[in-house]
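J.:
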Amino acid sequence: MITIKTITDSYRTRGFFVILFLLLAPCTLPCMAQEDDNIVLPEGMQAQEIDSLLSEWQARSYLLFDESCETTGENPEFDAETYTHRLSRLPNVIDMPYNNVVQKYIDLYSGRLRGSVAVLLGLGNFYNPIFEEALESYQIPLELRYLPVIESALNPTAVSRAGAVGLWQFMIGTGKQYGLEVTSLIDERRDPIKASYAAARYLHDLYGIFGDWTLVIAGYNCGPNNIIKAIKRAGGAKDYWTIYPYLPAETRGYVPAFIAANYIMNYYCDHNICPVNTRLPMGTDTIQVSRNVRMERITELCNISGEELRALNPQYRTTLIPGDVHPCTLRMPTAAINAFIEAGDSIYVPLSETQRSFEVPDTGKGGKRGKRGGSYVTVRGGDTLGAIARRNHTTVSKLQRLNGIRGSNIQAGQRIRVN
């Protein structure tokens, strides 16, 4: 049986799990700075990111190495006219020029990273429909679905050195600006659907600033302020290749890397790259959870593994889904959703368990775990918040505040903090 480890080992023997820095040959385009010698490989496509991706549950479960693929493995060379013609034939709105910088990235993707490209082609079957739906909703060119290829190598849990997270690599500030919740319990930058719609909105706003999709791509990488500064330094020119020398080093390679990604994801067959096959997962659905629930309890009652549950809900940073804070989306296979509904109240977290989620961690200095102070009572059959408040000389509003209760929803057996 072929496993992901087999694929990984096979790739390593071909020598492409390496961090690469390419030496750029003297530039033939007069608009580019001659002293710019190095092209930096996009962080998402570096070796450790691809290695991390292959350890993800979804990759291990649904990517299948195709031994029957008939290819020599040889990477043929083509002349500049062929590359220019192929790029011009792509059904794209965004201009995809060919030059020697783009060629360097095409050589990289079709050469040392060809195995990574094979994996990304397989993963595209999962994510491209999500990307395309989000982009289409904001009238964004669909070729921008390849941005996450160079941003995160299609890994929803990817974290950059700078702290950007998810498929679309949002920083916390930008993510929150576009409606993505980031707390100690939830990080919606990891949610493929919500992050894709946030990215589409961001791209739409960038186009409103620059009116040029190539500048939008550059701005997505380094931020709009850096693009505005580069335009000023270039005398007001609003052309990417003209402002190229004034951009951050990573951004100088970002647009060429994007063009090359569009090329290789469409012309991989011409370079004898065999896509990793994809076994599509069973249908999934979502349910809104309005009370706290633990993943451990879901796996116990709904016939779903913890690994699969976490993979389908990467936005949750712990095993607690904090529905008491606000309604939370839970994605599972349809059969697991039905089991969740049938479990009724028994699946939810009692208040005492919820509070244990917020215990103070061991400091490693001989201290013990500590809990929040306060007195608790157990709800009896027929109890109301008003009755509990009267017995304990407090108010309903204080009980609601202490326990995070909205309305008057309590149940027998639940522990309530009263002071």
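Residue numbers for the sequence shown follow the numbering used here, beginning at 606 and rising by one.
Cβ atoms here follow ideal geometry from the backbone N, Cα and C, with glycine treated the same way.
1) What number of angstroms, rounded off, separates the C-alpha of Y921 from the C-alpha of Y751?
2) Can you round the beta-carbon distance between N732 and I711 to whole angstroms, since I take them to be within the 8 Å contact cut?
3) At a cut-off of 7 Å, would you count A804 as near the ligand COA, judging by its Cβ distance to the nearest heavy atom?
4) Between I699 and W818, which are expected to be in contact by the criterion C-beta below 8 Å, what is the C-beta distance as a whole number of angstroms?
5) Can you find the residues in the same chain that come closer than 6 Å, C-beta to C-beta, to F736, ignoring five residues on each side of it along the sequence?
6) Have a look at Y807 and Y783 and give me their C-alpha separation to the nearest angstrom.
7) So who's on the other strand from M937, going by DSSP bridges?
8) Looking only at C-alpha atoms, which of Y859, I869, A839, G768 sits nearest to Y851?
9) So what does DSSP say about I836, is it helix, strand or coil?
10) In chain order, what residues of the same chain lie with their CB nearer than 6 Å to the CB of Y981, ignoring the 5 residues before and after it?
11) Compare the beta carbon distance of S757 and G780 with 8 Å and say whether it is the shorter of the two.
12) For K837, count neighbouring Cβ atoms within 10 angstroms of its own Cβ and tell me buried if that reaches 16, exposed if not.
13) Only counting the same chain, and skipping five residues up and downstream in sequence, which positions put a Cβ closer than 7 Å to that of G824?
14) If we require 4 or more residues per run, which alpha helix (DSSP H) segments fall completely within the segment 720–808?
15) Short of 6 Å in beta carbon distance, which residues of its chain neighbour A1017, apart from the five on each side in sequence? Order them along the chain.
16) Using only alpha-carbon positions, find the residue among T856, E748, L935 that is nearest to N697.
17) For the 8 Å Cβ check, are there 3 or more pairs between the segment 888–896 and the segment 928–944?
18) Just the C-alpha distance for L914 and E741, rounded to the nearest angstrom, thanks.
19) Of the residues V707, Y667, I926, I745, which one's Cα is nearest the Cα of D792?
20) Report all residues from its chain with a CB closer than 6 Å to the CB of Y703; omit the five preceding and five following residues, and keep chain order.
21) Using the rule of at least 16 other Cβ atoms within 10 Å of the residue's Cβ for burial, across every protein chain shown, is I946 buried or exposed?
22) When you compare only the Cα positions, how much space is there between T847 and A835?
23) Among the candidates D796, N705, A803, C874, whose CA atom is the shortest distance from the CA of A739?
24) Can you find the residues in the same chain that come closer than 7 Å, C-beta to C-beta, to T1000, ignoring five residues on each side of it along the sequence?
25) Could you pull the DSSP bridge partners for Y921 from this structure?
26) With R996 as the anchor, note down where its alpha helix (DSSP H) starts and where it stops.
27) Do L726 and P880 have their C-beta atoms within less than 8 Å of each other?
28) Could you compute how far the alpha carbon of E554 sits from the alpha carbon of M870?
29) Helix, strand or coil: which one does DSSP assign to Y981?
T.: According to the structure data:
1) Pairing Y921 with Y751, the inter-Cα distance amounts to about 25 Å.
2) The residue you asked about is not Asn; residue 732 is Tyr in the sequence shown. With a Cβ gap of about 22 Å, Y732 and I711 do not count as contacting.
3) The ligand COA is not part of the structure shown, which contains no ligands of any sort.
4) About 4 Å; that satisfies the 8 Å criterion.
5) R750, S801
6) Taking the straight line from one Cα to the other gives about 7 Å.
7) D890
8) A839
9) helix
10) R1020, R1022
11) no
12) exposed
13) L811, F815, I832
14) 752–757, 777–782
15) Around A1017: V984, G986.
16) E748
17) yes
18) 29 Å
19) I926
20) Y688, T689, L692
21) Its Cβ having fewer than 16 others within 10 Å, I946 is exposed.
22) 9 Å
23) A803
24) A994
25) I791
26) Start and end: 990–996.
27) Contact: yes.
28) Within the shown structure, residues of the chain are numbered from 606 to 1024, placing residue 554 beyond reach of any answer.
29) strand
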